[in-house]
Amino acid sequence: MSAELAGRRIVVTGGAGALGRAVVARLLAEGARVVVPMRSRPAGSAFSQPDAERLELLPSIDLTDERAVCDLYERCDDLWASVHLAGGFEIASIDRTSLASWRGLHETNATTCFLCCREAVRAFRRQPRRPGREGLGRIVNVAAQTALDPRRGASMAAYAAAKAAVAALTIALGEELAPEGIWVNAVVPSIIDTPANRAAMPDADHATWVAPEEIAEAVAFLASPANRSVRGGLIPVLGRG
Ligand SMILES: NC(=O)c1ccc[n+]([C@@H]2O[C@H](COP(=O)([O-])OP(=O)(O)OC[C@H]3O[C@@H](n4cnc5c(N)ncnc54)[C@H](OP(=O)(O)O)[C@@H]3O)[C@@H](O)[C@H]2O)c1
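Each residue of the sequence shown is one higher than the one before, starting from 1 at the first, in this note's numbering.
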């Protein structure tokens with residue numbers, strides 16, 4: 001455990017998801033205080049008990065609801081970092097992509113990210129300036145390989161477009177917020193080794209997939225005050241995939 005994140009408050013959206021649970025576990029292991037807004041209650045006990053006093057689970061928050069997101073960040077008066085993992089995925093060729101699906105993918109991936117970025121920035125700015133070089137805070141988003149290379153988005157064009165929006169938002173905000181010492185980055189995973197992906201692709205070589213814990217390590221660094229200068233980055237976390 002490094003001392004850098006000890007006691008720091010960090011919001012993790014999508015924190016009850018497959019990647020989210022690994023990120024939450026990593027941040028708790030680093031001593032952070034973690035806030036997880038959840039749309040629905042995960043089945044079973046997603047989080048371990050020993051860290052319960054530093055883990056705040058907030059149920060029934062839909063991150064496409066502007067008022068709900070504003071309320072979430074207004075209660076985080078000492079926010080240090082905001083990690084935006086909420087998202088969703090669909091495979092569909094263009095002729096099978098409904099307008100509802102297009103809108104849904106943009107809402108789930110891009111709108112949640114936009115609202116949380118905006119409210120995190122407002123929360124950072126409500127705090128007194130920190131001394132030294134660490135700046136006001138950190139934001140970490142999650143894009144996808146289709147955002148780096150849209151050719152990979154064949155048969156999932158709506159998802160690719162939504163994650164491209166996340167990528168563009170990340171780079172633009174990385175520039176806009178740099179003068180205040182708010183670093184904005186995104187991790188860009190390849191296929192993650194999750195139970196859902198294993199079930200969907202049982203015959204794939206799972207050993208080449210990136211583990212959630214490996215992505216969590218990158219997120220923890222990007223969200224840390226130890227990250228003094230990495231900003232506006234789309235950081236590939238591809239494992240051997
Ligand atoms: N899995 C992969 O191979 C892969 C590859 C590249 C990028 N990614 C990205 O990485 C992120 C995490 O992936 P994952 O596999 O961990 O997905 P996951 O297990 O489906 O987790 C996604 C989480 O986001 C939450 N969420 C979605 N929309 C929300 C909303 N409107 N309000 C509140 N919460 C919302 C979900 O809540 P509910 O349970 O209520 O739906 C869930 O907890 C996603 O953004 C995904 O696009 C994944």
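Note that CB positions come from ideal geometry on N, CA and C, so glycine has one too.
Self-check item: Contacts around HIS84, its chain only, beta-carbon distance under 6 Å, and the 5 residues preceding and following it disregarded
Solution: Around HIS84: THR13, CYS113, CYS116, ASN141.
Exercise. Identify, in the order they occur along the chain, each residue of the same chain with its Cβ nearer than 7 Å to the Cβ of ALA68, setting aside the five sequence neighbours on each side.
Key: Excluding sequence positions up to five before and after ALA68, its CB lies within less than 7 Å of the CB of ILE61, ASP62, all in the same chain and listed in chain order.
Quiz item: What residue does the alpha helix (DSSP H) around TRP102 start on, and which one ends it?
Solution: Residues 99-105.
Quiz item: In terms of residues, what are the limits of the beta strand (DSSP E) holding GLY137?
Solution: Annotation for GLY137: the continuous beta strand (DSSP E) segment containing it runs 137-142.
Quiz item: Measuring from the CB of GLY14, is there a heavy atom of ligand 1 at a distance below 7 Å?
Solution: Correct: GLY14 has its Cβ closer than 7 Å to ligand 1.
Practice problem: Could you tell me the boundaries of the beta strand (DSSP E) in which ILE182 lies? | Solution: That run of the beta strand (DSSP E) goes 182-189.
Quiz item: Roughly how many angstroms separate the alpha carbons of ALA167 and ALA186, rounded to a whole number?
Solution: Going from the Cα of ALA167 to the Cα of ALA186 covers about 7 Å.
Quiz item: Anyone know if the C-beta pair for LEU55 and GLU30 falls short of 8 Å?
Solution: The answer is no: Cβ separation not under 8 Å.
Quiz item: Whose CA, out of VAL36, VAL230, GLY7, lies closest to the CA of ARG21?
Solution: When each option's Cα is compared against that of ARG21, the closest is VAL36.
Quiz item: Thinking C-alpha only, which one of LYS163, SER40, GLU214 is nearest GLY242?
Solution: For residue 242 there is no data in the structure shown, the boundaries of the chain being 1 and 241.
Quiz item: Under 8 Å, do LEU79 and ALA32 count as touching if we go by C-beta distance?
Solution: Contact flag unset, no.
Practice problem: Report, in whole angstroms, the separation of the C-beta atoms of PRO59 and ARG41, which I expect to be a contact under 8 Å. | Solution: Distance from PRO59 to ARG41 at the Cβ level is roughly 6 Å; contact confirmed, criterion being Cβ atoms closer than 8 Å.
Quiz item: Would you say the stretch 233-241 touches the stretch 173-190, given that touching needs at least three Cβ pairs under 8 Å?
Solution: Segments in contact, yes.
Quiz item: Nearest to VAL210 by alpha carbon, out of ALA204, ALA199, GLY239, ALA218?
Solution: For VAL210, the nearest C-alpha among the options comes from GLY239.
Quiz item: Is the distance from the Cβ of GLY181 to the Cβ of GLY135 below 8 Å?
Solution: Contact: yes.
Quiz item: What do you reckon, are the CB atoms on ARG228 and ARG133 nearer than 8 Å?
Solution: Yes, Cβ-Cβ distance for ARG228 and ARG133 is below 8 Å.
Practice problem: Taking PRO150 as part of the alpha helix (DSSP H), name the residues at either end of that continuous run. | Solution: Taken as a continuous stretch (DSSP letters only), PRO150 belongs to no alpha helix (DSSP H), as it is neither H nor E.
Quiz item: Relative to ligand 2, is the shortest distance from any of its heavy atoms to the C-beta of THR208 smaller than 7 Å?
Solution: As presented, the structure is devoid of ligand 2, carrying ligand 1 as its sole ligands.
Quiz item: Curious, which full-length alpha helix (DSSP H) runs of at least 4 residues does the stretch 79-134 contain?
Solution: Whole alpha helix (DSSP H) segments, 4+ residues: 99-105, 112-125.
Quiz item: Got a sec? Which residues, its chain only, sit under 6 Å from THR194 by beta carbon, not counting five neighbours each side?
Solution: For THR194, where only same-chain residues beyond five positions count, the Cβ hits under 6 Å are ALA18.
Quiz item: What is the DSSP secondary structure of PRO212, reduced to helix, strand or coil?
Solution: PRO212 falls in the helix class under three-state DSSP.
Quiz item: Nearest-angstrom Cα distance between ALA161 and ILE192?
Solution: It is roughly 20 Å from the alpha-carbon of ALA161 to the alpha-carbon of ILE192.
Quiz item: GLU217 by DSSP, collapsed to three states: which one?
Solution: Judged by DSSP in its simplified three-state form, GLU217 adopts helix.
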